[in-house]
Every structure is written in structure tokens, then in C-alpha cells.
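In what follows, a structure is listed as C-alpha cells, so that the remarks can point back to it.
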Amino acid sequence: MPLLYASVSRGIATQAEYAAAEGNFGGVAAELLDKAARNEGKFTYTVDGYTFNFLTCDGFTFLVVADGAYGRAIPSAFLDKAQVAFADTYGSGTDSDASSMAAGFSKQLKQMMERAALQPASYSKAAQVQSKVDEARGIVTDNLERVLQRGERLELLTDRSDDLITESALFHRHARALRWRLAWGDARTKLAAAAVVLLVVLLVLLLVCALRGGCSTK
């Protein structure tokens, strides 16, 4: 049953309750009740995958606990119906006997929860609208996730492209530097070889002059 627990409280004192499933829903609700009872209106808290939906009106706080996957529309409609049913039965409720209220309205809570479970689509027009909204939201969320994933892929490709450009520029700089070093090394080798050849030629000329008795210019 999607609706698991319901109660009516005056302040922080529970007047009527019904649990359709086992669990510490009442204990958790007691911890949240003080916050919910401070202000008029509706409040929803999510605890461990369950929604604790409150409606505070005229000093009474109505609560229904639902599976988180059940959405908010039917729990919200349930609270409205519970508040109306309570007002029709007990009025302001301030003069009602607590024990009779606990027994009588607990039974009504049980019947309303069973009806919500058997006829969820027809329980509230808001539920039908909410179903369409949830469906549309799911489609939008899926599309947004796909767009974000594509954006991440594009960003990744851009980053990789930037890295390749940087690496390419570094490679060209290193290549130019290497060509320059090789050219300079080749030039130094040629200069050294030319110097050696020139030195050998000079030595040969000096040796020839020495053998002829000296070289002089007349």
C-alpha cells in the first residue's frame, strides 16, 4: 500500500492514527511533528525514501506517510480530504473526547487509505495532473541528462584537441631546435675539417721550402 501511515494530532499529541504497514513511522513523525505544528499549511519531509506529508490547520496537524516513489499529489489530496472529514465529524475538535476521537477517526483514516490504494488515479484530479507532470518532468530530466552528457563529451573532445594543439606546438619547437643544433654541429664539423686541410697544406709547403734550402722571394 503506497500510503503507509496516517494520523491526526493536536499540537504534538496524537489523537488518531492508523498504520497500514509495519515500521517506526509514528516515532519519526513525532520528531517532525513539532516543526510541522508551528505553522499553518502543508509541509513535506523526506526520510529514508519515505515522504512525511503534513497539513496543519486550526490547531490540528494531519499526517500521511507515503512511499517516496508515490509522488506528492495523492498524499496532498489525502490530507485535504482528511481535514475536511475531520471538520465535518468533530468541528473544531476542542470539546471532543480524545478516546472516542481516536477510535472513530482512526477507522476513517483506514478507510480513506484503502480507497486511495484501490483507486489512486480517480482519488484526485491533482493526482492525474501530477502524473502527467511527473511524466513530463521525467522526459525533461532524461533529455537534460543527455544534453549534459553530450556537453561533457564535447568539453572532453575540446580539452583533448587543445592538448593535441599544445603538444603539436611543442613538437614543432623541439624539432626546430633539433634541426638548428644538427645544422650547427654539421657546420662546425665542416669548419674543423677545412682547418685541418689548411693546416696540412701549410705544413707541406713549409716542408718543401725546408728541403729546398728555404723559401725566399727575389
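First residue of the sequence shown? That's 1 in my numbering, and the numbers climb one at a time after it.
Heads up, the beta-carbon is just placed ideally off N, CA and C, and yes, glycines get one too.
Source: prediction; values computed, not measured.
Less than 9 Å between the C-beta atoms of residue i and residue j, yes or no?
i	j	result
leucine 109	tyrosine 50	no
aspartate 67	proline 2	yes
alanine 223	phenylalanine 25	Residue 223 lies beyond the stretch modelled for the chain, which goes from 1 to 218, so this question has no answer here.
alanine 82	valine 64	yes
alanine 29	methionine 112	no
alanine 16	phenylalanine 105	yes
isoleucine 12	aspartate 34	yes
glutamate 40	threonine 56	yes
alanine 20	glutamate 114	yes
Along the chain, where does the beta strand (DSSP E) containing residue i start, and where does it finish?
i	result
glycine 41	41-47
Please report the residue range of the alpha helix (DSSP H) in which residue i lies.
i	result
glutamate 31	25-36
tyrosine 90	73-90
Quick one: what's residue i bridged to in DSSP?
i	result
arginine 10	Ala13, Phe60
alanine 19	Tyr5
threonine 141	The partner list for threonine 141 (beta bridge, DSSP) is empty, contrary to what the question assumes.
threonine 51	Thr46, Ala66
Whole-angstrom Cβ separation of residue i and residue j, contact assumed at under 8 Å?
i	j	result
serine 8	phenylalanine 60	One detail in the question is off: residue 8 reads as valine in this sequence, not serine. Rounded, the Cβ-Cβ distance is 6 Å, consistent with contact.
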